[in-house]
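Residue numbers 1 to 129, in UniProt numbering, belong to the letters of the sequence shown in order.
Positions of the beta carbon are idealized from the N, C-alpha and C atoms, including for glycine.
The model shown is predicted, which means the values in this text are computed figures rather than measured ones.
Take a look at the structure below.
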Amino acid sequence: MVMPQLRNVFHLFSIALIFIFGLTSQQAMAHAHLKLQSPEADTTVSSSPVDISLTFSEGVELKFSKITLIGSDKKAIETGTLALDTNDNTRIMTTIKQPLSAGQYTVDWQVVSVDGHKTKGSYHFSVKP
Numbered sequence: 001m002v003m004p005q006l007r008n009v010f011h012l013f014s015i016a017l018i019f020i021f022g023l024t025s026q027q028a029m030a031h032a033h034l035k036l037q038s039p040e041a042d043t044t045v046s047s048s049p050v051d052i053s054l055t056f057s058e059g060v061e062l063k064f065s066k067i068t069l070i071g072s073d074k075k076a077i078e079t080g081t082l083a084l085d086t087n088d089n090t091r092i093m094t095t096i097k098q099p100l101s102a103g104q105y106t107v108d109w110q111v112v113s114v115d116g117h118k119t120k121g122s123y124h125f126s127v128k129p
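This is the structure in structure tokens:
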């Protein structure tokens, strides 16, 4: 009589674990993760880039997305209007309005994926003297 009760408890426990792990994995997959960036993270470029391009693991909503370029003096550097690649809704880009001098720069970004999840992050690159 104890064995059938233990078996029922084990089955309920197993179902609960499957349900919990299933929800967790769906939430983890629902965010747009940064896959590619230009200029690339943690690199030194030989000349000033003219634009910044970010590609994500899933489509993003342009009106809720933002790229900010910050210089080594911690001041924002003017960029152009943010655009969504017309052929690829996973890619956003902006132009850099002025040539960058030698130094380290930070790209701060935030996006909202097409399913409504917000993601943000940052990375660094340097311009060679």
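As assigned by DSSP and simplified to three states, the class of residue i
| i | result |
| --- | --- |
| Lys35 | strand |
| Lys63 | helix |
| Asp51 | strand |
| Ser25 | Annotation note: pLDDT 43 at Ser25 (below 50); position unreliable, no value reported. |
Beta-ladder partner(s) of residue i, from DSSP
| i | result |
| --- | --- |
| Lys118 | Val112 |
| Leu84 | Ile92 |
| Thr44 | Ser126 |
| Gln104 | Ser126 |
Burial state of residue i (16 or more Cβ within 10 Å)
| i | result |
| --- | --- |
| Ser47 | exposed |
| Pro99 | exposed |
| Ser122 | exposed |
| Ala32 | buried |
| Pro129 | exposed |
| Leu69 | buried |
| Phe64 | exposed |
Interface flag, residue i vs chain C, CB-CB below 8 Å
| i | result |
| --- | --- |
| Leu100 | No chain C is part of this structure, which consists of one protein chain only. |
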